[in-house]
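Q: Once you've had a glance at the structure underneath, I'll fire off some questions.
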Amino acid sequence: MSEGGGSPVEEKMLFSSSLASELCSQMPQASVGETRTRRRRKAKGDGAGGDAKKKRLRGEQLKFLEMSFQDERKLESGRKVHLATELGLDPKQVAVWFQNRRARHKNKQVEEAYAKLKMAHDAVVFEKCHLEKEVFKLKGKLLEAEEEIRKLSLGTSTAGASGSNAERGGSSPSSSLSTVSHHPLVGEFGVEGEADLMNIQEYNFNSYMMEWANFYGV
DNA sequence: TTGTGTTTTATTGCCTCC
DNA sequence: GGAGGCAATAAAACACAA
């Protein structure tokens, strides 16, 4: 882009410093943690004698700075001046490098924290799907067992039903079946639309697994 | 070579602390 | 009020595919 600024297009995009300070005084102060709206800053090279060329630091300078950063993330002024003279840099360059390095470090930490949280979340979702499948399997077994009991109870009632037996109420085979069918768990895991639900769960599980496998490249 | 995306250096404005 | 930190951003430098 244009160095030294001053093109008409750029001029339109930039706020004059007087307007900037006026806006600044009108802006409500943002509280901590709130996103602040910012004015567009002036381009450099606006006559302040700015050497616009950016100089990349040399390998050994970077190595030295990196070692120093690993040693201590913050930079007190004595250390700054010492590093600057040692590396033949402007103390301000050293300060800027540390500032940017701290920002990169923070970004990396946030990314790592995000990755960890995502993995934990994925594991929980995976476990949830697994448990849901398990629940449906068990419900199927429960239904089979109920059917078995029903068949057995029908067989015994036709073979030897008597009036006295019927008078005993709860102990009769038919009431035994009704006890089972009104068991809290049976009520909770009702049989209506069971097959559809199974299919939906299966679909969700499979699509999740595909997404998971794609994400982790397995 | 050129267009485009990423990284690095530098600036600006605001905030906090002493 | 000045120093120093941080977030946001600009812009140069670099990497790389087409």
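FYI, in the UniProt record's numbering the residues of the first sequence are 1 to 218. Backbone N, C-alpha and C define an ideal beta-carbon position, used for all residues, glycine too.
Could you check what DSSP says for E127 in three-state terms: helix, strand or coil?
A: Of the three classes helix, strand and coil, the one that applies to E127 here is helix, per DSSP.
Q: Alpha carbon to alpha carbon, how far is L131 from K80? Give it in angstroms, no decimals.
A: Looking at the two C-alpha atoms, the distance is approximately 58 Å.
Q: In terms of residue numbering, what span does the alpha helix (DSSP H) encompassing G78 cover?
A: That run of the alpha helix (DSSP H) goes S77 to L87.
Q: So for L57, helix, strand or coil by DSSP?
A: The answer is coil: DSSP assigns L57 none of H, G, I, E or B.
Q: Throw me the rounded Cβ distance for the S68 and L83 pair, which I believe falls under 8 Å.
A: S68 to L83, Cβ: 6 Å. Contact.
Q: Pick helix, strand or coil for E112, following the three-state DSSP scheme.
A: In the structure shown, E112 sits in a helix (DSSP, three-state: H, G or I).
Q: With three or more beta-carbon pairs closer than 8 Å as the criterion, would you say the stretch 91 to 109 touches the stretch 122 to 140?
A: These segments do not touch.
Q: CA-CA distance, S153 and Y114?
A: Cα to Cα, S153 sits roughly 58 Å from Y114.
Q: By alpha-carbon positions, which one of E134, A95 and R102 ends up nearest to E76?
A: Closest by alpha carbon: A95.
Q: Under a Cβ-count criterion, where at least 16 other Cβ atoms within 10 Å of its own Cβ denotes burial, should K139 be classed as buried or exposed?
A: K139 is buried by the Cβ-count criterion.
Q: Taking DSSP as the reference, what is the three-state secondary structure of R104?
A: Helix, per DSSP.
Q: Can you say whether L117 is buried or exposed, counting buried as having 16 or more other CB atoms within 10 angstroms of its CB?
A: With fewer than 16 other Cβ atoms within 10 Å, it is exposed.
Q: Going by the CB atoms, is the gap between Q70 and L87 shorter than 7 Å?
A: Contact: no.
Q: CA-CA distance, S157 and I149?
A: If you take the alpha carbons of S157 and I149, they lie about 12 Å apart.
Q: To the nearest angstrom, report how far apart G193 and D122 are at their CA atoms.
A: Note on G193: pLDDT 44, under 50, position unreliable in the model; no value is reported.
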